[in-house]
Amino acid sequence: MTYPIAVLVSGRGTNLQAILDACASGAIDASVVFVASNRAGVPALVRADRAGVPHGAFTTDEYKTRAATHGAMADALVAAGARLVVCAGFDHILAPVFFVKLAGVPVINIHPALLPFFGGKGMHGDKVHAAVLAAKAKESGVTVHRVHPDTVDLGEVVVQRRVPVNEGDDVATLSARVLAVEHEAIVEAVRRCIAKEAVS
Ligand code: GRF
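Residue numbers are given in the numbering used here: position 46 of the sequence shown equals residue 46, and the series is strictly consecutive.
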C-alpha cells in the first residue's frame with residue numbers, strides 16, 4: 001500500500017524534494033499527501049505546488065497562538081490522511097495539541113548533526129555547523145529521530161549517518177557536505193518508519 005505521509009517545512013525544502021523524488025521514482029512506496037509550512041511564500045511550498053501536492057501555510061500571524069496554529073496544521077494533516085509526519089527543515093517546536101490531534105501518528109525530524117551532541121533548543125541551521133567547527137569536532141553527521149511533545153532533539157534515533165569534518169571547513173562547506181547526506185538519510189528514515197508501521 002502506498003503510504004500517506006505529510007511533510008512540515010519552513011524554507012528552502014531540499015529535504016522535501018528528496019522525499020518527493022523518492023516517492024516519484026518508487027524508491028519508497030509512499031506518497032506526500034500534504035505539505036505544511038509555518039511561513040508563507042517559501043520555496044518549499046513552490047516545490048509542493050510543482051509536484052501537485054496539496055499544501056498550506058499556517059502562520060502565527062494568522063492564527064495568533066502557537067497552539068491554534070499547530071492545531072490547524074494538525075487538522076489539515078489528519079484530513080489528508082497522513083500516517084507519518086516528517087519535519088524536514090521545520091523550525092518551530094510543535095505544540096502539545098499537535099500530537100493530541102495526530103492521535104499516535106508518528107512524527108520524525110531531521111537534525112544536521114550527531115545527536116545527542118549539538119542539539120537542543122535554539123540549535124538549528126548554520127548555528128549547528130558553527131558549533132561543530134568551534135568545538136573542533138572531527139566529525140559531524142545527520143540524525144533522524146522521533147519527536148515527542150515538549151522535547152527538542154531527544155526522541156529515539158531512526159537513522160544516524162556520520163560525516164567527516166575536513167581541514168579548512170567553514171559553515172558553507174560543512175553544511176553542504178552534511179546536506180547531501182541528509183537527503184539520503186531522510187529517505188531511509190521514511191522507508192524504515194513505513195516498514196515498521198506496516199508490520200505493527
Ligand atoms: C536542514 O539542514 C535540516 O537538517 C535543518 O534545516 C535544513 C533545512 O534544509 N533542520 P531544507 O529546507 O530541507 O533545504
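Even for Gly, the Cβ is constructed at its ideal location relative to N, Cα and C. Please read these numbers as outputs of a predicted model, since none were measured by experiment.
Residues in the same chain with beta-carbon distance under 6 Å from residue i, minus the five sequence neighbours each way, listed in chain order, please.
{"i": "G141", "result": "L114, R161, R162 and V163"}
{"i": "S175", "result": "H129"}
{"i": "A48", "result": "V35 and H55"}
{"i": "T60", "result": "T69"}
{"i": "V147", "result": "V107, N109 and G155"}
Enumerate in chain order the residues of its own chain whose CB-to-CB distance from residue i is below 7 Å, with the five nearest sequence positions on each side excluded.
{"i": "M1", "result": "none"}
{"i": "A137", "result": "V165"}
{"i": "E182", "result": "N15, I110, P112 and V142"}
{"i": "A76", "result": "F34, A36 and G56"}
Can you find the residues in the same chain that come closer than 8 Å, C-beta to C-beta, to residue i, ignoring five residues on each side of it along the sequence?
{"i": "C193", "result": "L84, P106, I108 and V158"}
{"i": "H145", "result": "I108, N109, H111, L115, D153, L154, G155, E156, V157 and V158"}
{"i": "A51", "result": "L20, A24 and V32"}
May I ask you to check if the CB of residue i is nearer than 7 Å to at least one heavy atom of the ligand GRF?
{"i": "N38", "result": "no"}
{"i": "L16", "result": "yes"}
{"i": "R12", "result": "yes"}
{"i": "L20", "result": "no"}
{"i": "G89", "result": "yes"}
{"i": "A137", "result": "no"}
{"i": "V181", "result": "no"}
{"i": "G9", "result": "Note that residue 9 is Val in the sequence shown here, rather than Gly. Within the cutoff, so yes."}
{"i": "P112", "result": "yes"}
{"i": "H70", "result": "no"}
Per DSSP, residue i forms a beta bridge with which residues?
{"i": "E139", "result": "P164"}
{"i": "I19", "result": "DSSP, once it has assigned bridges, lists no residue as partnering I19."}
{"i": "L8", "result": "A36 and C87"}
Measure the beta-carbon distance from residue i to residue j and round it to whole angstroms, keeping in mind my assumption that it falls under 8 Å.
{"i": "M123", "j": "A131", "result": "7 Å"}
{"i": "A88", "j": "P54", "result": "Actually they are not in contact, since the Cβ atoms of A88 and P54 sit about 16 Å apart, beyond 8 Å."}
{"i": "S10", "j": "F118", "result": "Actually they are not in contact, since the Cβ atoms of S10 and F118 sit about 19 Å apart, beyond 8 Å."}
Touch test, the region 84–104 against the region 22–29, Cβ-Cβ under 8 Å, three pairs minimum: By the Cβ rule, the region 84–104 does not count as touching the region 22–29, because fewer than three pairs are nearer than 8 Å.
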